[in-house]
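In this note's numbering, the protein residues as written are 302 to 778.
Where is the CB? At the ideal position from N, CA and C, for every residue including glycine.
Being a predicted model, the structure only gives us computed values, none of them experimental.
What follows is a short report on a single structure.
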Amino acid sequence: YWGYDPMAFFAPHRGYAHDTKPGSQVVEFKQMVKALHQAGIEVYLDVVFNHTCEGNERGPVLSFKGLENRVYYMLNNGGAYFSNYSGCGNTVNGNHPVVREMIFHCLRHWAHNYHIDGFRFDLASILGRDQSGNLMPNPPLVEQIAEDPLLADTKIIAEAWDAAGAYQVGSFGNHRWAEWNGRYRDDVRRFWRGDVGTMGALATRLAGSSDLYQHSGRSPSCSINFITSHDGFTMNDLVTYKDKHNDANGEGNRDGDNCNHSDNYGVEGPTRRRQVERLRIRQIKNMLTTMMVSQGVPMLVSGDECRRTQRGNNNAYCQDNDISWFDWSLVEENSELLRFTRAMIHFRRQQPTVRRRSFLNGTAGNRRLPDVSWFGAEGGEPNWAHDAALICLLTAPGPEEDPLKQGRDLIMLINGSSDDRDFQVPDVMRGTRWRLFVDTDGVAPRDVFTDLNGPTLPAARRVRLTHRSLRIYVADT
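Below, the structure is given as structure tokens:
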């Protein structure tokens, strides 16, 4: 249960602590961060500097309202009403010098007193608005967060949009800022759902989203690739519900996003129909695999690896019950999906081929081979506009990115269509023996071969893929 109404930006939430004594949450939070660091895990804080719990002009006076309305909030109509770019009743006036300094002190406080490694800024486009609500070309707050020497060792991530229509994915801040890539989320969802004409967009996302980040001199690591987040459907619900089911929120199902690019594949909600369930699991594996082999930084939501559900609720911030709680029995119930997810994470960490520092654009590397090559199902030119079957050849990076020579060449066969398809793998690397690593249609444990020693690609290089599935073959060493 995470709520969405900040009041005390400098304080950890007492309700999350085990010890009920005042101040114990500070000690426990620091202990948690230390333990996670000892396990090699960085800690990022999701910060909401765009609004507070004081609401609009009818809301309570708890903090900033009592200090100075006109300084801390964006107002309109001569100060009679609160501007609402957050969708929550008010908007913090982040580019006022006083408020800007408060935000800097807060970020430094978390970084230096709690050893937080990075921050994700909720509705970050609001941080680029002036007091009148206009988007600024060079917002002081956004630029100074990136340039603050006391925050130089932290990572900063923007949710580059807001609730009033601003959408800045690909153009938020400078090279220090990474972004939640909402285009990645939507394009991957739409392709695997079967939307016509989305194969080209999928290829662009796999290659690092150069259309969004290359022009400004940023690298693929600025793209935070995600398919689900704490906002919206879980991965399980994305393939289980065509429509949102937010009635429990008490707003007549009007809240939450109406455009989810989801599908139920024949039955709305849980079902015992084996064919539907098998397709749903396959789709989860398809999207997990796509994310783990895309250039950029993958973001996986806790629970997606074991099919956590919110029963179709795509706006569960206000649900302090089993809609939002983590059901630990799912870990055992869906242990095979957990195994699959672990294998994909391990593969990504071991393979520089899917973690390039530069965008894939088909240029030749040190082996005189393109970093990426695209083919249609029959090995010719892809039909980008109308097909959903694609072959992708990724070549391993050179010694400057892979000094230990751990990278392998990869072939991805992607069938996003609703029909089974034959694939003819082109013989562009003669003499290479290819071994199956992933088959999202495979029955565990033959869905992923963690030792990279799966069955070899047939000599004729022709294979048949089930509808809505993918395979990855790895070059044998």
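query = Should Arg-622 be labelled buried (16 or more other beta-carbon atoms within 10 Å of its own) or exposed?
reply = Correcting the residue type first, residue 622 is Asn in the shown sequence and not Arg. The residue in question, Asn-622, is exposed, as its Cβ has fewer than 16 Cβ neighbours within 10 Å.
query = Using the rule of at least 16 other Cβ atoms within 10 Å of the residue's Cβ for burial, across every protein chain shown, is Leu-451 buried or exposed?
reply = exposed
ask   = Start and end of the beta strand (DSSP E) containing Glu-480?
value = Counting along the chain, the beta strand (DSSP E) containing Glu-480 begins and ends at 478-481.
ask   = Alpha carbon to alpha carbon, what distance is there between Asp-418 and Asp-454?
value = 8 Å
query = Is the beta carbon of Ile-525 less than 8 Å from the beta carbon of Glu-480?
reply = Yes, the pair counts as a contact, with Cβ atoms nearer than the cut-off.
inquiry  = Please report the distance separating the alpha-carbon of Thr-535 from that of Ser-625.
reply    = 10 Å
ask   = Which residues share a DSSP beta bridge with Leu-671?
value = Rather than Leu, the amino acid found at residue 671 in this sequence is Pro. The partner list for Pro-671 (beta bridge, DSSP) reads Ala-665.
request  = Kindly indicate the opening and closing residues of the alpha helix (DSSP H) around Trp-780.
outcome  = Given that the chain is displayed from residue 302 to residue 778, the structure contains no residue 780 and the question cannot be resolved.
query = What are the start and end residues of the beta strand (DSSP E) that includes Lys-331?
reply = Element bounds for Lys-331: not the beta strand (DSSP E) but the alpha helix (DSSP H), 325-339.
request  = Kindly list the residues whose CB is nearer than 6 Å to the CB of Leu-694, restricted to its own chain and excluding five residues on each side of it in sequence; keep chain order.
outcome  = Ser-674, Ile-712
inquiry  = With the cut-off set at 8 Å, would you say Trp-735 and Leu-758 are in Cβ contact?
reply    = yes
query = Once you ignore the five residues that flank Asp-723 on each side, which residues in its own chain have a CB closer than 6 Å to its CB?
reply = Arg-765
task = Check whether the Cβ atoms of Arg-658 and Met-593 lie closer than 8 Å to each other.
result = no
query = Among all the DSSP beta bridges, which residues are the ones paired with Tyr-774?
reply = Ile-712, Leu-737
ask   = Sorted by chain position, which residues of the same chain lie with C-beta nearer than 6 Å to Leu-639's C-beta, five sequence neighbours on each side aside?
value = Glu-606, Cys-607
ask   = Does DSSP classify Ser-524 as helix, strand or coil?
value = Ser-524 falls in the strand class under three-state DSSP.
request  = Quick one: residues in its chain with C-beta nearer than 7 Å to the C-beta of Gln-651, no 5 flanking neighbours on either side, listed in chain order?
outcome  = Gln-707
query = Alpha carbon to alpha carbon, how far is Gly-699 from Ser-595?
reply = 18 Å
Residues near Phe-246 by beta carbon distance below 7 Å, same chain, minus five either side = With the chain covering only 302 through 778, there is no way to say anything about residue 246.
message = With three or more beta-carbon pairs closer than 8 Å as the criterion, would you say the stretch 442-449 touches the stretch 469-476?
response = Counting Cβ pairs under 8 Å, three or more are found: they touch.
ask   = Touching or not, the stretch 547-565 and the stretch 483-501, by the rule of three or more beta carbon pairs under 8 Å?
value = yes
task = Look up Asn-377 in the DSSP assignment and say whether it is helix, strand or coil.
result = Asn-377 carries a strand assignment under DSSP once its states are collapsed to helix, strand and coil.
request  = Compare the beta carbon distance of Asn-378 and Gly-356 with 8 Å and say whether it is the shorter of the two.
outcome  = Result no, Cβ atoms of Asn-378 and Gly-356 do not sit closer than 8 Å.
message = Relative to the C-alpha of Asn-559, which candidate in Asn-616, Ala-504, Gly-518 has its C-alpha closest?
response = With distances taken between Cα atoms, Asn-559 lies closest to Asn-616.
inquiry  = DSSP three-state label for Phe-750, please.
reply    = coil
query = By DSSP, does Pro-599 sit in helix, in strand, or in coil?
reply = Here Pro-599 carries a strand assignment [DSSP, helix/strand/coil].
Sequence ranges, beta strand (DSSP E) only - wholly within the stretch 519-571, length at least 3 = 524-527
inquiry  = Taking DSSP's pairing of strands, which residues face Val-764 in a bridge?
reply    = Phe-724
message = Let me make sure I understand the geometry here. Which of Arg-574, Thr-529, Trp-462 has the alpha-carbon closest to that of Gly-604?
response = With distances taken between Cα atoms, Gly-604 lies closest to Thr-529.
query = If you follow the beta strand (DSSP E) that Ile-582 is part of, which residue opens it and which one closes it?
reply = Taken as a continuous stretch (DSSP letters only), Ile-582 belongs to no beta strand (DSSP E), being part of the alpha helix (DSSP H) at 575-594.
inquiry  = Three or more C-beta pairs under 8 Å: does that hold for the stretch 500-507 against the stretch 676-693?
reply    = yes
ask   = Count the other CB atoms within 10 Å of the CB of Lys-322; is the residue buried (16 or more) or exposed (fewer)?
value = exposed
request  = Give the DSSP-derived three-state secondary structure of His-366 in the structure shown.
outcome  = Reading off the sequence shown, one finds Lys at residue 366, where the question assumed His. If DSSP states are grouped into helix, strand and coil, Lys-366 belongs with the helices.
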